[in-house]
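Heads up: the protein sequence lines correspond to chains A and B, in order. Quick note on this note's numbering: the first sequence kicks off at 4 and runs consecutively. Quick note on this note's numbering: the second sequence kicks off at 1130 and runs consecutively. No residue lacks a Cβ here, since even glycine has one placed at the ideal position from N, Cα and C. Input: a single structure, listed below in structure tokens.
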Amino acid sequence: MIHFDNVTKVYANQNRPALDHVSVDVDKGEFVFLVGPSGSGKSTFLRLVLKEERPNSGAIHVAGKDLARLSNFKIPHLRRRIGCVFQDFRLLPNKNVYENVAFALEVIGKPRRFIRKVVPEVVELVGLEGKAHRMPDELSGGEQQRVAMARAFVNRPMILLADEPTGNIDPATSIGIMKVLDRINRTGTTVVMATHDAAIVDSMRKRVVELEDGKIVRDQSRGVYGQAY
Amino acid sequence: MRANFIFSEVWIGLRRNLTMTIAVIVTVAIGMALLGVGLMINSQINSMKDFWADKVEVSVFLCKKDDPFPQCKGSGGVNAQERAELKGEIEGMPQVEKVDVEDAAQAYKNFRAQNANNTVLLTAIQVEDMPESLRVKLKDPDAYATVIEAVKGAPGVSNVVNQRELLEKFFGLLEKLRWAALVVAIILVFAATLLIGNTVRLSAYNRRRETGIMRLVGASNLYIQLPFVMEGVIAGLIGGVLAAMLLIVSKVFLFDGVQLYLSPNSQLSWETVASVISVTMIFGVLICVLASFVTLRRYLRV
């Protein structure tokens, strides 16, 4: 599903590469934790998958497609198959839960009938049934992140990328978030999650890919977070 | 459903930046109105020129009794036979289409009609003071030089007035006016374009959260850009309508009034006004679309 082949990414005005000759394969339906200290290249990895950045060298294949060959015109179509969740939730403050999730479908031109059917299902999946008309500022951090996940998942993407989704959430609520992610993963969606959260990683025992200074230092199935950072 | 979505986004955008939208509307209105006025001046001048072109004559004034002109000193006025001779001579010239005689009585009548408001002048001038003249109509208004040369020194001729020369000065002024109007219009159109681009960019900046998420979620560039472009287009259209109203008002109150003084019956047709309005509106919308696309292109890089 995701195939990185000797990928190097150097940002302008920086000496050290953000990603240094990284080769990784993520299969369909896998759940991968991307761990490592700040600046180790986790966010860069996710952005390369979305083609928000281009690699300086190496090949990236997502869902079988070579990103280098993907025209600018086709990039939106790629992104429709990939869902994203962020540390800061990135909800639209003027729209309620339903509208926030529906937004993801509206902007790609889905008909209203389809939206009306699908959005409530996904809102229920993340555990927010009954709260569909709340505004984001009426929700707790955990609930807001669930809305973000609902939005990421509503289009049934192949891949779900999560960039430190539990970063702003207390440990107890984080467990609830991870349960949702697990549920999503079980429907067949590949999940790649960048995180600092050692407890989560240790408790779930999924595949762990550890980055340090842009290089992969560990790739372990059923791994733990590793040495304390 | 897609159209609904786009329209709701456009409406939100217009409302959020209401002051900027109004600024765009006003600028477009003024810019397009000035462009339209420039075009209308252009058209009006052309029709004025056409009006005068075939009325332009060479006036050959004949000596009368006690004529102040030096050529006539001592000739004691021109009699009917001399006048007929002169007339025949001029008519014989190949450039001349026809020659009309304006005798003193006719000249006096015209003089009274033209200066109907000026009672002082009317009481001062009597019929005897009016000179006779031969009105020479040329086949080609530009070929006056030879005719004037031939007639100028002829006996009995007090003065030759080439109405064309008088009008040249007048039309020179009109030409300058025409250029000035167009230059001002172009400058304002340029300013309008910049302002529209700025407003669209500001609107996009205010909605960067939404646009960011739209990009992330995989909305096509067109879908993202379209609401902003439409905002610009709608503001431009409203401005264009305002400009059209301004143009109509100016036609009725300004142009028609002016041409009445200068060249009656050469007023702008409503067809001309309609075509000017449509040109300016199309132009206005085009500027908006162009400004929107160019400013958003950098901002919404994929």
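TODO: Indicate the three-state DSSP secondary structure (helix, strand or coil) for G226 (chain A) in the structure shown.
DONE: For the purposes of this step, residue 226 (chain A) is identified with residue 223 of the first sequence, where counting begins at 1. If DSSP states are grouped into helix, strand and coil, G226 (chain A) belongs with coil.
Task: Residue interval of the beta strand (DSSP E) (run including S1287 (chain B)) - done: What you label residue 1287 (chain B) is simply residue 158 of the second sequence in a count that begins at 1. Looking at the DSSP string, the run of the beta strand (DSSP E) that includes S1287 (chain B) is 1286-1291.
Task: CB-CB length for V100 (chain A) against A151 (chain A), believed under 8 angstroms - done: Looking up residue 100 (chain A) in the first sequence gives position 97. Looking up residue 151 (chain A) in the first sequence gives position 148. About 10 angstroms; that fails the 8 angstroms criterion.
- [ ] Consult DSSP for M207 (chain A) and reduce its assignment to one of helix, strand or coil.
- [x] As a first step, residue 207 (chain A) must be located in the first sequence, where it is residue number 204. It is helical.
TODO: Answer with yes or no whether the minimum CB distance from R1307 (chain B) to chain A is below 8 angstroms.
DONE: Walking along the second sequence from the start, residue 1307 (chain B) turns up at place 178. Not an interface residue.
Task: Residue range of the unbroken alpha helix (DSSP H) whose run includes A1372 (chain B) - done: Here the question's residue 1372 (chain B) lines up with position 243 in the second sequence. Its alpha helix (DSSP H) spans residues 1350-1379.
TODO: Using beta-carbon positions only, say whether K1227 (chain B) and K1266 (chain B) come within less than 8 angstroms of one another.
DONE: Locating residue 1227 (chain B) in the second sequence gives position 98, where the first residue counts as 1. Locating residue 1266 (chain B) in the second sequence gives position 137, where the first residue counts as 1. Yes.
TODO: Quick one: grab the DSSP three-state call for A231 (chain A).
DONE: To locate residue 231 (chain A), count along the first sequence from 1; it is residue 228. The pLDDT assigned to A231 (chain A) is 44, lower than 50, so where the model puts this residue is not dependable; a value taken from the coordinates is nonetheless given after this. Note: A231 (chain A) maps to coil in three-state DSSP.
Open item on the list: For a test of the three-state rule: what should DSSP assign to G86 (chain A), helix, strand or coil?
Closed with: Start at 1 with the first residue of the first sequence, and residue 86 (chain A) comes out as number 83. It is a strand residue.
Open item on the list: Between the alpha carbons of L108 (chain A) and I1316 (chain B), how many angstroms are there, rounded?
Closed with: Within the first sequence, numbered from 1, the residue matching residue 108 (chain A) stands at position 105. Within the second sequence, numbered from 1, the residue matching residue 1316 (chain B) stands at position 187. The straight-line gap from Cα to Cα measures roughly 44 angstroms.
- [ ] Using a Cβ-Cβ cut-off of less than 7 angstroms, list which residues of the stretch 107-121 of chain A approach chain B; keep chain order.
- [x] The stretch 107-121 of chain A vs chain B, Cβ under 7 angstroms: A107, E109, V110, I111, G112, P114, R115.
Task: 7 angstroms Cβ cut-off: residues of chain A touching S1349 (chain B) - done: Within the second sequence, numbered from 1, the residue matching residue 1349 (chain B) stands at position 220. Here the neighbours are P79.
TODO: Pick helix, strand or coil for L1191 (chain B), following the three-state DSSP scheme.
DONE: What you label residue 1191 (chain B) is simply residue 62 of the second sequence in a count that begins at 1. The answer is strand: DSSP assigns L1191 (chain B) an E or B state.
Open item on the list: Measuring straight from C-alpha to C-alpha, what distance separates D205 (chain A) and L1351 (chain B)?
Closed with: Residue numbering aside, residue 205 (chain A) sits at position 202 when the first sequence is read from its first letter. Residue numbering aside, residue 1351 (chain B) sits at position 222 when the second sequence is read from its first letter. Each residue's alpha carbon lies about 44 angstroms from the other.
Task: Nearest-angstrom beta carbon gap, V1230 (chain B) and L1263 (chain B) [assumed within contact, 8 angstroms] - done: Counting from one through the second sequence, the residue named residue 1263 (chain B) turns up at place 134. Counting from one through the second sequence, the residue named residue 1230 (chain B) turns up at place 101. Right, the Cβ-Cβ distance comes to about 6 angstroms (below 8 angstroms), so this counts as a contact.
Task: Span separating the alpha-carbon of S143 (chain A) from that of V129 (chain A) - done: For the purposes of this step, residue 143 (chain A) is taken as residue 140 along the first sequence, with counting starting at 1. For the purposes of this step, residue 129 (chain A) is taken as residue 126 along the first sequence, with counting starting at 1. Rounded to whole angstroms, S143 (chain A) to V129 (chain A) spans 14 angstroms at the Cα level.
Open item on the list: Can you find the residues in the same chain that come closer than 6 angstroms, C-beta to C-beta, to I1367 (chain B), ignoring five residues on each side of it along the sequence?
Closed with: Residue numbering aside, residue 1367 (chain B) sits at position 238 when the second sequence is read from its first letter. If we look at I1367 (chain B) and ignore the five residues flanking it on each side, its Cβ neighbours are I1154.
Open item on the list: For N158 (chain A), count the other beta carbons within 10 Å of its own beta carbon; 16 or more makes it buried, fewer makes it exposed. Which is it?
Closed with: The residue you call residue 158 (chain A) lines up with position 155 of the first sequence. Burial state of N158 (chain A) is buried, judged by a 10 Å Cβ sphere holding 16 or more other Cβ atoms.
Open item on the list: Would I1342 (chain B) and R93 (chain A) be called neighbours here (beta carbons separated by less than 8 angstroms)?
Closed with: Here residue 1342 (chain B) refers to the residue found at position 213 of the second sequence. Here residue 93 (chain A) refers to the residue found at position 90 of the first sequence. Result yes, Cβ atoms of I1342 (chain B) and R93 (chain A) sit closer than 8 angstroms.
Open item on the list: Since K45 (chain A) and L70 (chain A) should fall inside the 8 angstroms C-beta cutoff, what is the C-beta to C-beta distance between them, to a whole number of angstroms?
Closed with: On the first sequence, residue 45 (chain A) is found 42 positions in, with the first residue counted as 1. On the first sequence, residue 70 (chain A) is found 67 positions in, with the first residue counted as 1. With 8 angstroms as the limit, K45 (chain A) and L70 (chain A) do not qualify as a contact, their Cβ atoms being about 18 angstroms apart.
Open item on the list: Please report the straight-line C-alpha distance between W1308 (chain B) and D1179 (chain B), rounded to a whole angstrom.
Closed with: For this step, residue 1308 (chain B) is matched to residue 179 along the second sequence. For this step, residue 1179 (chain B) is matched to residue 50 along the second sequence. Here the alpha carbon of W1308 (chain B) sits roughly 19 angstroms from the alpha carbon of D1179 (chain B).
Task: Limits of the beta strand (DSSP E) - the one that R1263 (chain B) falls within - done: Working through the second sequence from its first residue, we reach residue 1263 (chain B) at position 134. According to the sequence shown, residue 1263 (chain B) is Leu rather than Arg. Where L1263 (chain B) is concerned, the enclosing beta strand (DSSP E) stretches over 1262-1267.
Open item on the list: I'd like to know whether the C-beta atoms of I180 (chain A) and G145 (chain A) end up nearer to each other than 8 angstroms.
Closed with: Against the first sequence, residue 180 (chain A) aligns to sequence position 177. Against the first sequence, residue 145 (chain A) aligns to sequence position 142. A contact, by the Cβ cut-off of 8 angstroms.
- [ ] Can you check the stretch 61-135 of chain A for any alpha helix (DSSP H) of at least 4 residues that lies completely inside it and give the ranges in chain order?
- [x] Here the runs fully enclosed are 78-83, 100-109, 115-128.
Task: Helix, strand or coil at T193 (chain A) according to DSSP, with G and I counted as helix - done: In the first sequence, the residue the question calls residue 193 (chain A) occupies position 190. In this structure, DSSP gives T193 (chain A) an extended state, which the three-state scheme calls strand.
Open item on the list: Using a Cβ-based criterion (distance less than 7 angstroms to any ligand heavy atom), does S60 (chain A) qualify as near the ligand GDP?
Closed with: No copy of the ligand GDP appears in this structure; indeed no ligand is present at all.
Task: the stretch 1133-1145 of chain B: positions lying closer than 7 angstroms to chain A by Cβ - done: Listed by position, the residues of the stretch 1133-1145 of chain B near chain A (Cβ gap below 7 angstroms) are F1134.
Open item on the list: List, from N- to C-terminal side, the beta strand (DSSP E) runs of 3 residues or more that fit wholly inside the stretch 131-171 of chain A.
Closed with: 162-166, all fully within the stretch 131-171 of chain A.
TODO: Please say whether R154 (chain A) and N103 (chain A) have beta carbons closer to each other than 8 angstroms?
DONE: As a position in the first sequence, residue 103 (chain A) is number 100, starting the count at 1. As a position in the first sequence, residue 154 (chain A) is number 151, starting the count at 1. In this structure, N103 (chain A) lies near R154 (chain A), with their beta-carbon atoms less than 8 angstroms apart.
Open item on the list: Can you tell me which residues form a DSSP beta bridge with V35 (chain A)?
Closed with: The sequence position of residue 35 (chain A) within the first sequence is 32, counting from 1. Beta bridge pairing from DSSP links V35 (chain A) with A:V195, A:R210.
Open item on the list: I'd like the list of long-range same chain contacts for E1211 (chain B), defined as Cβ closer than 6 angstroms, with 5 residues on each side in sequence excluded.
Closed with: Taking the first residue of the second sequence as 1, we reach residue 1211 (chain B) at position 82. Leaving aside the five residues that flank E1211 (chain B) on each side, the residues in its chain whose CB is nearer than 6 angstroms to its CB run, in chain order, G1285.
- [ ] Spell out whether any CB of chain B is found under 8 angstroms from the CB atom of R83 (chain A).
- [x] Mapped onto the first sequence, residue 83 (chain A) falls at position 80. Contacts with chain B at 8 angstroms (Cβ-Cβ) include R83 (chain A).
Task: Reference V65 (chain A); option with closest CA among A:R84, A:A15, A:N59, A:N75 - done: By 1-based counting over the first sequence, the position of residue 65 (chain A) is 62. Measuring from the Cα of V65 (chain A), the nearest candidate turns out to be A:R84.
TODO: Output the distance between the C-alpha atoms of A231 (chain A) and A62 (chain A), rounded to the nearest integer angstrom.
DONE: Residue numbering aside, residue 231 (chain A) sits at position 228 when the first sequence is read from its first letter. Residue numbering aside, residue 62 (chain A) sits at position 59 when the first sequence is read from its first letter. Caution is warranted here: a pLDDT of 44 is assigned to A231 (chain A), below 50, making its placement in the model unreliable, and the coordinate value is therefore given only provisionally. Going from the Cα of A231 (chain A) to the Cα of A62 (chain A) covers about 32 angstroms.
TODO: Output the distance between the C-alpha atoms of A1283 (chain B) and V1189 (chain B), rounded to the nearest integer angstrom.
DONE: Here residue 1283 (chain B) refers to the residue found at position 154 of the second sequence. Here residue 1189 (chain B) refers to the residue found at position 60 of the second sequence. Here the alpha carbons of V1189 (chain B) and A1283 (chain B) stand approximately 10 angstroms from one another.
Task: Sequence ranges, beta strand (DSSP E) only - wholly within the stretch 1272-1341 of chain B, length at least 3 - done: Taking only runs of at least 3 residues, the beta strand (DSSP E) segments lying wholly in the stretch 1272-1341 of chain B are 1286-1291.
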